[in-house]
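Everything on this sheet refers to the single structure shown next.
2 protein chains.
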Amino acid sequence: MINIREVARLAGVSPATVSRVINGTASVSEEKRQRVLQAIEATDFVPNEVARSLFKRSAKTIGLIIPSIRNPYFTELAAKLDELATQRGYRLFLHNVGYDLDQEWAALQQLEAINADGAILVPSSNDDRADQRELSIPLVVLDSDFNGPVSAYLYCDYYQGAQLAMEHLVDCGCREIVCIRGPQSTFSGRSRYVGYRDYCLEHHIRQRVVDCDYDFNAGLAMTEELLERYPKVDGILACNDIVAISTYKILHKRNIPVPDQIQLIGFDDIAFSSLISPELTTIHQPIDDLASLAMDLVLRQEERAVKGGRHILPVTLVQRETTKRKDA
Amino acid sequence: MINIREVARLAGVSPATVSRVINGTASVSEEKRQRVLQAIEATDFVPNEVARSLFKRSAKTIGLIIPSIRNPYFTELAAKLDELATQRGYRLFLHNVGYDLDQEWAALQQLEAINADGAILVPSSNDDRADQRELSIPLVVLDSDFNGPVSAYLYCDYYQGAQLAMEHLVDCGCREIVCIRGPQSTFSGRSRYVGYRDYCLEHHIRQRVVDCDYDFNAGLAMTEELLERYPKVDGILACNDIVAISTYKILHKRNIPVPDQIQLIGFDDIAFSSLISPELTTIHQPIDDLASLAMDLVLRQEERAVKGGRHILPVTLVQRETTKRKDA
DNA sequence: TATTATTATGAAACCCGTTTCATTTGTCTA
DNA sequence: TAGACAAATGAAACGGGTTTCATAATAATA
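As you go down the protein sequences, you meet chains A and B in turn.
This note's numbering applies: residue 1 is where the first sequence begins, and numbers increase by one.
This note's numbering applies: residue 329 is where the second sequence begins, and numbers increase by one.
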């Protein structure tokens, strides 16, 4: 591969001059600048980004670590963050860790080792980890509140979201509401469940819970089990949209009318939830705001962020076709 | 940030020795090795990956460039490639270029500049590009057959897929089949359409075509237009599953029974297509095989690949609930 | 015991773009 | 015209692991 010294030799100047032409960091005589430009053209020279970032200590890269690339929620988040990063002249380095804590940690180390300018982490688990030594790059954590040396936390008000959902289901006339709760090791799974639990406690409703992972197959299987365990269910609060969609599939297959016999509500408001028929009632998360704030926090902490600051975004209920007020 | 010389100083050895301990590239006396390990432990030293890959000329990274991270087909492909890369000790660097050719080219240059070990590209357009100078890293191109200096091409037999789909729709009794064709600048859009066209020509069927981008909103809008233009339609061949799902949504909203009045078939077999109700009949692409072959090709071209070699994978029809043989 | 083969180890070069610093050339002011 | 100052430019150092090469020390063979 051609390098800057080679180009310099060809143009009859020093490497420093070539560098100055490329980066516009200092003035160069028009004559030499032309010679350099020509030599670059002739050789298809592309500066080695590795050498550059070794010296600069910046790779113009932001890392994003997500538990699963197969979950549309994370994918939509990644898409938005990618846009934002590109806009600001950064690359987004997406790490998919498949809910594996070792991989997650490795990804973080790696980002540090490649001189990334910051990292955005959606933890695979909210449990305390011993391994959290301080990183040398800014780290903002999404969808979690675990204790660690991070620059900022940022999440949506899931607790409130679950309460909103319960309120709505009760308003719609549901009496036997089952919560399909997500993994209790995750923050989203736990706080959504706690929102449900507290609502039940406050309103003297018996809790009905079924555990489920955040994926299709689990959703399918756990819905079957739910129907077995709670035959009189008339409302379901699913831990996310993926699971809600799986749930609907089973209900549909069994010819259980939704929302007439069972009302269903999801969580996240992924793009698909308004695309399926019937459209899914769900708790909307402001993904765009989330992404934009996360990017701000990681890029210029000094402005919006306090060290270790917590930012909580509100969620809203969007009613579509899987819930309906019973006017009995 | 702590560096190797610092660690060496602390351990009372040379940087070379530290490097040897870390990489196991040469034997080191047990005593010094312990001192080094201890110093690493004490300082939380993580070798700077940038410096390492500058020297090694390998970043243990392979790049994946896709047109859109919002399309589940690409996402599933990325997920699989990510698994494969991780298995083999590489990172997958995902570049989302949003169907922008400039960004695509920039991504390619960037991968070259960071010493990536290879790149897998799903082109945003199949048109000839002038810019295709030879890259210094192996490049395998998916879902395209445009002419350029690449290591290998790899795609599914879309032409055959479209014919399979048509055959099936005709078998099911459809007489007025409309093709919602994808962007004709893409290889998938074009070859799927050509498969449809040739089938029509061979069987003396009048072509009915509507153009559509690969996304939800376009799918929604174009289905409306389709129904306007071809009121007697009884079969729809959608350019991909996303569009097929949008199409179903409109049909459902208008109370047009599927498959009884209109039969519908998609393309890609993304995970969602079997999760919605009714389940979507579609053309299945062997994503896992595709990913696995792509990874092989990019990583060890010498074995499976001929320079510029073409690899074409077969597709299959999977009949689900949006098509049905009419036993009239 | 002399000699050769090993093993251990550090100094220095290397990868390559960037930047500092000193020098040279040219310009402007007194 | 001398002195002061600005612009242009290259040599060299830098960033941080890795590897080569030479040397020193130890072990094995004659």
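Note that beta-carbon positions come from the ideal geometry of N, C-alpha and C, so glycine has one too.
Predicted, not measured: the structure shown is a model, and the values here were computed from it.
For chain A, find out if any of its Cβ atoms is closer than 8 Å to the Cβ of residue i; answer yes or no.
i: phenylalanine 474/B; result: no
i: histidine 580/B; result: yes
i: proline 642/B; result: no
i: glutamine 658/B; result: Past the edges of chain B, shown from 329 to 656, lies residue 658/B, and the structure says nothing about it.
i: leucine 382/B; result: yes
i: tyrosine 483/B; result: no
i: phenylalanine 373/B; result: no
i: tyrosine 427/B; result: no
i: aspartate 541/B; result: no
i: serine 601/B; result: no
i: glutamine 438/B; result: yes
i: alanine 379/B; result: yes
i: asparagine 545/B; result: no
At least one CB of chain B closer than 8 Å to the CB of residue i: is that the case?
i: aspartate 102/A; result: no
i: threonine 75/A; result: yes
i: methionine 295/A; result: no
i: alanine 305/A; result: For alanine 305/A, the pLDDT reaches just 49, beneath the cut-off of 50, and the residue's location in the model is therefore unreliable, leaving the point undetermined.
i: isoleucine 276/A; result: yes
i: valine 18/A; result: no
i: arginine 5/A; result: no
i: alanine 244/A; result: no
i: arginine 70/A; result: yes
i: isoleucine 120/A; result: no
DSSP puts residue i in a beta bridge; with which residues?
i: threonine 610/B; result: Gly594/B and Val646/B
i: leucine 470/B; result: Leu482/B
i: histidine 496/B; result: Paired residues: none, contrary to the question.
i: lysine 361/B; result: Rather than lysine, the amino acid found at residue 361/B in this sequence is arginine. DSSP, once it has assigned bridges, lists no residue as partnering arginine 361/B.
i: glycine 637/B; result: Ala480/B
i: threonine 514/B; result: BP columns for threonine 514/B are empty, so no partner.
i: arginine 337/B; result: DSSP lists no partner for arginine 337/B.
i: threonine 389/B; result: Arg419/B
i: isoleucine 508/B; result: Val538/B and Ala566/B
The ligand SAM and residue i: does any heavy atom of the ligand fall closer than 7 Å to the residue's C-beta?
i: asparagine 583/B; result: The ligand SAM is absent from the structure shown, which contains no ligand whatsoever.
Is the distance from the Cβ of residue i to the Cβ of residue j below 8 Å?
i: isoleucine 573/B; j: leucine 405/B; result: no
i: alanine 238/A; j: isoleucine 180/A; result: yes
i: arginine 192/A; j: glutamine 207/A; result: no
i: alanine 106/A; j: isoleucine 137/A; result: no
i: threonine 186/A; j: threonine 223/A; result: no
i: leucine 108/A; j: isoleucine 62/A; result: no
i: proline 183/A; j: tyrosine 214/A; result: yes
i: isoleucine 262/A; j: glycine 235/A; result: yes
i: isoleucine 177/A; j: leucine 169/A; result: yes
i: threonine 609/B; j: valine 646/B; result: yes
i: threonine 650/B; j: valine 571/B; result: no
i: arginine 557/B; j: serine 602/B; result: no
i: glutamate 411/B; j: valine 46/A; result: no
i: glycine 446/B; j: alanine 490/B; result: no
i: serine 453/B; j: leucine 422/B; result: no
i: tyrosine 418/B; j: asparagine 568/B; result: no
i: valine 364/B; j: alanine 339/B; result: yes
i: cysteine 484/B; j: leucine 618/B; result: yes
i: isoleucine 397/B; j: alanine 79/A; result: yes
i: leucine 529/B; j: alanine 51/A; result: no
i: isoleucine 332/B; j: serine 347/B; result: yes
Buried or exposed: where does residue i fall if 16 or more other Cβ atoms within 10 Å of its Cβ makes it buried?
i: serine 516/B; result: buried
i: proline 395/B; result: buried
i: threonine 316/A; result: exposed
i: lysine 326/A; result: exposed
i: arginine 638/B; result: exposed
i: valine 13/A; result: buried
i: asparagine 684/B; result: Because chain B here runs from 329 to 656, residue 684/B falls outside it and cannot be looked at.
i: histidine 203/A; result: exposed
i: methionine 295/A; result: buried
i: glutamate 553/B; result: exposed
i: asparagine 545/B; result: exposed
i: asparagine 583/B; result: exposed
i: proline 278/A; result: buried
i: methionine 331/A; result: Here chain A has residues from 1 to 328 only, and residue 331/A is not among them.
i: asparagine 147/A; result: exposed
Counting only runs that start and end within the region 394–480 of chain B, where is the beta strand (DSSP E) found for 3 or more residues in a row? 419–424, 446–449 and 467–470
Tell me the start and end of each unbroken beta strand (DSSP E) in the region 204–274 of chain A that is at least 3 residues and wholly inside, in chain order. 209–211, 235–238 and 263–268
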